[in-house]
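In this note's numbering, the protein residues as written are 2 to 95. Structure, as structure tokens:
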């Protein structure tokens, strides 16, 4: 990923600060529903979430079944943490 948008940076910061998202991955009426470990990030968008997963900055760490629905937990990867640290260092030097 060449450069992150403001929305992508904000969501990556949410995950770098310990945020976790659980997403329903069962094909049903709840498909794509999201639960957040902390406050919902501002301007949350599934499109932005998917772009971070596609870039390898977020990953699925586990899945659990709740009342027959599969929930996948997404967390930041090492690559995502390194990119976030680099962004923070760049902001600090400005």
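By construction, the Cβ of each residue, glycine as well, lies at the ideal position given by its N, Cα and C atoms.
Query                                                                                                                                    : Result
What do you get for residue 59, buried or exposed, if any count of 16 or more other CB atoms within 10 angstroms of its CB means buried? : buried
Kindly indicate which residue of 8, 66, 55, 68 has the alpha-carbon position closest to the one of residue 44.                           : 8
Are residue 75 and residue 62 touching if we call contact CB-CB under 9 Å?                                                               : yes
Applying the 10 Å Cβ sphere with the 16-neighbour rule, what's the burial state of residue 66?                                           : exposed
What does a CB cutoff of less than 8 Å around residue 49 pick up in its chain, not counting 5 residues either side in sequence?          : 6, 8, 9, 12
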